[in-house]
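Going line by line, the protein sequences match chains A and B. With this note's numbering, letter number 253 in the first sequence gets 253, and the count goes up by one each step, no holes. With this note's numbering, letter number 288 in the second sequence gets 288, and the count goes up by one each step, no holes. As structure tokens, the structure follows; a few thoughts come after it.
Protein chains: 2
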Amino acid sequence: MDDFKIIDGSITSPKGFKASGVYIGLKKSKKDMSLVVSDVLADVAGVFTTNKVCAAPILVSKKNIANGKAQAIIINSGNANACTGEKGYENVITTMNKTAKELDISSEDVIMASTGVIGVPLPMDIVIPGVKKAVGALSYDGGQSAAEGIITTDTYIKKVAISLEIDGKEVIIAGMAKGSGMIEPNMATMLSFITTDAKVDGKFLQQLLKDTSDKTYNMITVDGDTSTNDMVCVMANGMAENNIINAKHPEVKKFIDAFYYINEYMAKLIVQDGEGATKFIEVEVVNGKTQEDARKVAKSILNSNLVKTAFFGEDGNWGRIICSIGYSKADFVVEEIEVFLGIEDNMIKIVEKGGSTGFDEKVMDEILKEKNLKILVDLKAGSETAKGWGCDLSYDYVKINGSYRS
Amino acid sequence: MDDFKIIDGSITSPKGFKASGVYIGLKKSKKDMSLVVSDVLADVAGVFTTNKVCAAPILVSKKNIANGKAQAIIINSGNANACTGEKGYENVITTMNKTAKELDISSEDVIMASTGVIGVPLPMDIVIPGVKKAVGALSYDGGQSAAEGIITTDTYIKKVAISLEIDGKEVIIAGMAKGSGMIEPNMATMLSFITTDAKVDGKFLQQLLKDTSDKTYNMITVDGDTSTNDMVCVMANGMAENNIINAKHPEVKKFIDAFYYINEYMAKLIVQDGEGATKFIEVEVVNGKTQEDARKVAKSILNSNLVKTAFFGEDGNWGRIICSIGYSKADFVVEEIEVFLGIEDNMIKIVEKGGSTGFDEKVMDEILKEKNLKILVDLKAGSETAKGWGCDLSYDYVKINGSYRS
């Protein structure tokens, strides 16, 4: 934490990034289109949904990102442009072309992301003039507006910026994201966009984003449903004028740590604002035989509806936790594992030797009233660790997702 | 269906089976111990939870079932005897010994099953006299009582019996089960017990039970949580005096069909009475590349909280269905699959060519008011099929599982 500092900023804080967030008419009244543009062609890396049914903007953006270069990201909320067939694909190309033309850049250097209802054709009579409006609104302090334009029923905007020094130059990394919520409850699309003025090797950046995503975005869960539109994208435009960052750069660890911090921060914000969530739950698994094992255990606990409803009910139901560890398919000896539950500086051992420790339930009841809770699982099977984050399952989750789309 | 008929019976309908269900004090006031006994040593087969954290009765019963013979099943509700360590294991042995002694049989021929709260030691001062009471209450028409003794917060008892003719002899197969609900919301333990007076080859019976369970109990889901105590057990005592049934018996198909019917019936009852369920959902997947693919797709749809809440809200949100198919990891071409939604004799095509068919949403809204709904997925990737059953996710599920154990 000593190597970087959090600043009051946004994705336009790094040098040479403009952004805007505007209302174009896809939603009823809130901002529904955002644009992020680098002054110069930037190195770009992206990770995309693994859902076989993926939205048109994902398909096209994957292609445009393949050469490792991009200059603009256009994002609409209110319509996912998923399951929209050939026409949906064409609509992405048309939107990208319009964006490129207005910005006077190549359309291959435009990335598009969408979030909202599935299966409704993108209304191009709204989108095309919308692009022009978004370009017209671009500014070097438009990061806040852009963060507003990508959210749907998120209850707050999600952004962060940090500053660090590399090669004696100030480097800024910033991010904005949207989480699980939508105007028309449909799909918990997660979008996250990172900008930095650091000069970063393209291949290194892609690998760093993949590794970081595996440990952050891929370790959060609201309801276990993988969206058709998920996307994380980072643009690095090099305007900080540091020496190019790759695995051999003497200060690479500093950059990796800062980059990880940004992404973990965004990932946690998404879960904290999960649909209907009243509790934020961190699961840390230590001493797994493999990292995959540690990840499986964390995910298994966080995805258990029984564990989630118990947290909602503030019930220290340790049986459900150990049950969900049991069906995680990780390798461990049941009688050896230990499970702790509590808050960061007050963790109580609840399970050992295959059974309850006989902890004081009254003390636990008090702890469970906290909003941020933690589960620590010691698998005693190796030395690998994993962390994951989730939320509880409340009446409001059912309400939000059980209501009619209209 | 022509080869067998459903009769008004229970697990004591097959010849030579006595049963009882009694109140011993594990629950507040309802029956909480059941006993099923064959007059003669029976062939037995069992399938057990795959949860690595499994309850003491599962561990011991697996051993006792290994030689393919058993004569009695003792079941308690109100206490799962899971995560109870060495003492829990000893308590199972003690209970089995007491049961064997009272029945004058070998304790290796006793099977035990438990359901209820995890991690609480079995109160042996209640269980031991309870066993004596259960033995004393045994009768040839005790099947109904036994079915009552195994349920927890199930809203009705689950039993079925059918009659068929093999080698000119009447053969009866009967079953009882309990589903997802408990006095102290904790674990959705599924227990199912089948009796038959058919003479069946032991190895054939075990394989038949495994194959049937894979297609029935293993294809239902209430919340995706695999219990520590799940058990399905069948006893065949041969008293119908048919020729021994194995794969080569000329009427084997008739027996397999009847056996499958019993188990599918019990499995469906469990889901219909799922915690908080207001809708029963059948998913049929056809033309999968492999059976595993077809199963994955069915399970993926049925386990999606977003699909489940949409059904609760009577919302024809087809986007969520195709999304959950998309992340199932099955092999198919998105643009080729077709999805139908509706009721048995009124299925409406909702997805084709990767998008909506533009079906009439008003007609769909009417259909979705029905209690029993069906989804049919045509993967167009092969010829394998699978069926699965689930329920919606309602406020009551959250309420039941969010409340304090006490």
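We put the CB at the ideal spot given by N, CA and C, even for glycine. Computed from a prediction, not measured in an experiment: that's the story for all the values here.
Residue i versus residue j: straight-line alpha-carbon distance, rounded
| i | j | result |
| --- | --- | --- |
| residue 227 of chain B | residue 51 of chain B | 7 Å |
| residue 91 of chain A | residue 193 of chain A | 22 Å |
| residue 162 of chain A | residue 258 of chain A | 7 Å |
| residue 389 of chain B | residue 31 of chain A | 41 Å |
| residue 387 of chain A | residue 283 of chain A | 6 Å |
| residue 316 of chain B | residue 144 of chain A | 36 Å |
| residue 106 of chain A | residue 72 of chain A | 10 Å |
| residue 25 of chain B | residue 94 of chain B | 18 Å |
| residue 142 of chain A | residue 148 of chain A | 10 Å |
| residue 164 of chain B | residue 172 of chain B | 6 Å |
| residue 266 of chain B | residue 160 of chain B | 7 Å |
| residue 240 of chain A | residue 331 of chain B | 46 Å |
Contact check, residue i vs residue j, beta carbons under 9 Å
| i | j | result |
| --- | --- | --- |
| residue 335 of chain B | residue 349 of chain B | no |
| residue 74 of chain A | residue 34 of chain A | yes |
| residue 233 of chain A | residue 65 of chain A | yes |
| residue 167 of chain A | residue 251 of chain A | yes |
| residue 76 of chain A | residue 112 of chain A | yes |
| residue 12 of chain B | residue 177 of chain B | no |
| residue 22 of chain A | residue 134 of chain A | yes |
| residue 400 of chain B | residue 221 of chain B | no |
| residue 381 of chain A | residue 289 of chain A | yes |
| residue 275 of chain B | residue 396 of chain B | yes |
| residue 114 of chain A | residue 80 of chain A | yes |
| residue 343 of chain A | residue 308 of chain A | no |
| residue 68 of chain B | residue 44 of chain B | yes |
| residue 287 of chain B | residue 393 of chain B | no |
| residue 279 of chain B | residue 371 of chain B | yes |
Boundaries of the alpha helix (DSSP H) in which residue i is found, first to last residue
| i | result |
| --- | --- |
| residue 310 of chain B | 305 to 312 |
| residue 92 of chain A | 85 to 103 |
| residue 208 of chain A | 202 to 215 |
| residue 145 of chain B | 143 to 150 |
Status (buried if at least 16 other CB within 10 Å, exposed otherwise) for residue i
| i | result |
| --- | --- |
| residue 49 of chain A | buried |
| residue 270 of chain A | buried |
| residue 6 of chain A | exposed |
| residue 156 of chain B | exposed |
| residue 59 of chain B | exposed |
| residue 230 of chain B | buried |
| residue 28 of chain A | exposed |
| residue 19 of chain B | buried |
| residue 285 of chain B | buried |
| residue 383 of chain A | exposed |
| residue 184 of chain B | Because the pLDDT at residue 184 of chain B is just 35, under 50, the model does not fix this residue reliably, and the value given afterwards should be weighed accordingly. Buried, since its Cβ has 16 or more Cβ neighbours within 10 Å. |
| residue 14 of chain A | buried |
| residue 86 of chain A | exposed |
| residue 346 of chain B | exposed |
Simplified DSSP assignment, three categories, for residue i
| i | result |
| --- | --- |
| residue 236 of chain B | strand |
| residue 374 of chain B | strand |
| residue 275 of chain B | coil |
| residue 24 of chain B | coil |
| residue 61 of chain B | helix |
| residue 332 of chain A | coil |
| residue 76 of chain B | strand |
| residue 368 of chain A | coil |
| residue 401 of chain A | helix |
| residue 255 of chain A | helix |
| residue 186 of chain B | With a pLDDT of 37 at residue 186 of chain B, under the threshold of 50, the modelled position of this residue cannot be trusted, and the question is left open. |
| residue 299 of chain A | helix |
| residue 130 of chain A | helix |
| residue 10 of chain B | coil |
| residue 269 of chain A | helix |
| residue 53 of chain B | coil |
Host beta strand (DSSP E) of residue i (start-end)
| i | result |
| --- | --- |
| residue 287 of chain A | 280 to 288 |
| residue 43 of chain B | 33 to 48 |
| residue 178 of chain A | 169 to 178 |
| residue 195 of chain A | 191 to 196 |
| residue 390 of chain A | 384 to 391 |
| residue 319 of chain A | Looking at the DSSP string, residue 319 of chain A is not in any beta strand (DSSP E); the run it does join, the alpha helix (DSSP H), is 318 to 326. |
Residue i: CB within 8 Å of a non-hydrogen atom of the ligand SAH
| i | result |
| --- | --- |
| residue 253 of chain B | With respect to small molecules bound, the structure shown includes none, and the ligand SAH cannot be examined in it. |
Cutoff 9 Å: residue i Cβ touching any chain D Cβ
| i | result |
| --- | --- |
| residue 118 of chain B | Going by chain labels, chain D is absent from the structure shown, which instead holds the protein chains A and B. |
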